[in-house]
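A.B. asks:
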Amino acid sequence: MAIIKKFRIKSFKNKNSIVEFENISLSYGSRLILDNINFKINEGQIFGMLGPNGVGKSTIFNLITGLITPGSGKIKIAGEDVNNYPIYLRTKRFKLGYVPQYGGYFNDLTLHDNLKAISEIVIDKKNYRNERINYLISKFELENLKDVKAKFLSGGQKKKLVIALSLLGEPRVLLLDECFAALDVLTIKMLQEIIVNLQNENRITICICDHQARDLLACVDVAMILSNGKIIAEDTPSNLVKNINARDAYFGDNFKFN
Ligand SMILES: Nc1ncnc2c1ncn2[C@@H]1O[C@H](COP(=O)(O)OP(=O)(O)O)[C@@H](O)[C@H]1O
Ligand SMILES: [Mg+2]
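See below:
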């Protein structure tokens, strides 16, 4: 945590909520997955979602992007009720970027051609596409990998590529689904720095989820813990690990974080 913390801004003064869930419930068949949940992600925040596998974290991302609609309740983005907005409208209007847990790139295209293909969809101004691609290649130090097919990249390099793809459209909000899963310690550290840097330098609001606490808590401002369809705690990392409900339902007694 110490290394990441150096990069942190201490507080995010802007309290405008950019994503808001009001009394959201969602069932698959007879299984209630989300049970009347309420939360807000404030502009400029790095917001974490923690909870065991299958608790509904990816479902929440799907609700934000519009891939699925809630059984009941209201989803607001930048204050607007978006329940009836389709995916493309949410993405364009509110500038949502999404990094899925798996995939998100074309296996048989080179790293550069992946960026080129997506730039043609998300960047309207033709003559700006190359500039944006080159900026992201240089930001993520991907120059040497430009001509490598995506399927031959390492796990961490693939993650960088998918994050770069999600940034082509200059998102205001970036959703990262389990982006630390199956990566080594150094790669995780590199991604944490990228994430904090996107907040600090590019002023992007970030929502990130993981089923493991440690890597996520090292780079978020606040996090919530989901358990059995409910939000059982929401706080800063240091308060969250002391929270009795969070310890009982999620961290366990032996969890330490410093
Ligand atoms: N399309 C679907 N149909 C039926 N059940 C689903 C579907 N998508 C997700 N689920 C169920 O919803 C629950 C939450 O899934 P998910 O949001 O993917 O969990 P997480 O991302 O926290 O691991 C799981 O129990 C999963 O089996
Ligand atoms: Mg998931």
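Offset between the sequence shown (1-based) and this note's numbering: plus 38.
Even for Gly, the Cβ is constructed at its ideal location relative to N, Cα and C.
Model, not experiment: these values are computed from the prediction.
Do aspartate 215 and proline 138 have their C-beta atoms within less than 7 Å of each other?
C.D. replies: As a first step, residue 215 must be located in the sequence shown, where it is residue number 177. As a first step, residue 138 must be located in the sequence shown, where it is residue number 100. Yes, these two residues count as a Cβ contact at 7 Å.
A.B. asks: Would you mind working out which of Asn152, Leu134, Ile269 sits nearest glycine 141, comparing C-alpha positions?
C.D. replies: For this step, residue 141 is matched to residue 103 along the sequence shown. Ranking the options by Cα distance to glycine 141, first place goes to Asn152.
A.B. asks: For a minimum of 3 consecutive residues, which ranges assigned as the beta strand (DSSP E) are wholly contained in the stretch 110–194?
C.D. replies: Taking only runs of at least 3 residues, the beta strand (DSSP E) segments lying wholly in the stretch 110–194 are 110–115, 134–137.
A.B. asks: Ordered along the chain, which non-local residues of its own chain (more than five positions away) have a Cβ less than 7 Å from that of serine 65?
C.D. replies: Position 27 of the sequence shown, counting from 1, holds the residue named residue 65. Closer than 7 Å at Cβ, skipping near neighbours: Ile71, Gly109.
A.B. asks: In the DSSP assignment, find the beta strand (DSSP E) that holds serine 243 and state where it starts and stops.
C.D. replies: As a position in the sequence shown, residue 243 is number 205, starting the count at 1. A quick correction: the sequence has threonine, not serine, at residue 243. Taken as a continuous stretch (DSSP letters only), the beta strand (DSSP E) holding threonine 243 covers 243–248.
A.B. asks: Using a Cβ-Cβ cut-off of 8 Å (strictly less than) and excluding sequence neighbours within five positions of isoleucine 171, which residues of its own chain qualify?
C.D. replies: Numbered from 1 along the sequence shown, position 133 holds the residue referred to as residue 171. Only His150, Leu153, Lys154, Ser157, Leu206 meet the Cβ criterion.
A.B. asks: Give every residue whose Cβ lies closer than 6 Å to any heavy atom of ligand 1, listed in chain order.
C.D. replies: Answer in sequence order: Tyr66, Ile71, Gly89, Asn91, Gly92, Val93, Gly94, Lys95, Ser96, Thr97.
A.B. asks: Lysine 43: buried (16+ other C-beta within 10 angstroms of its C-beta) or exposed?
C.D. replies: Taking the first residue of the sequence shown as 1, we reach residue 43 at position 5. Bear in mind that a pLDDT of 44 at lysine 43, under 50, signals an unreliable position, so the model cannot answer this.
A.B. asks: Look up serine 55 in the DSSP assignment and give the residues it is bridged to.
C.D. replies: Here the question's residue 55 lines up with position 17 in the sequence shown. Asn80, per the DSSP bridge assignment.
A.B. asks: Can the beta-carbon of isoleucine 106 be found closer than 7 Å to that of valine 211?
C.D. replies: As a first step, residue 106 is located in the sequence shown; it is residue number 68 there, counting from the start. As a first step, residue 211 is located in the sequence shown; it is residue number 173 there, counting from the start. No.
A.B. asks: Does the Cβ of serine 204 have 16 or more other Cβ atoms within 10 Å, making it buried, or fewer, making it exposed?
C.D. replies: Translated into positions along the sequence shown, residue 204 becomes position 166. With 16 or more other Cβ atoms within 10 Å, it is buried.
A.B. asks: Give me the DSSP bridge partner(s) of phenylalanine 85.
C.D. replies: Position 47 of the sequence shown, counted from the start, is the residue given in the question as residue 85. Cys245, Val260.
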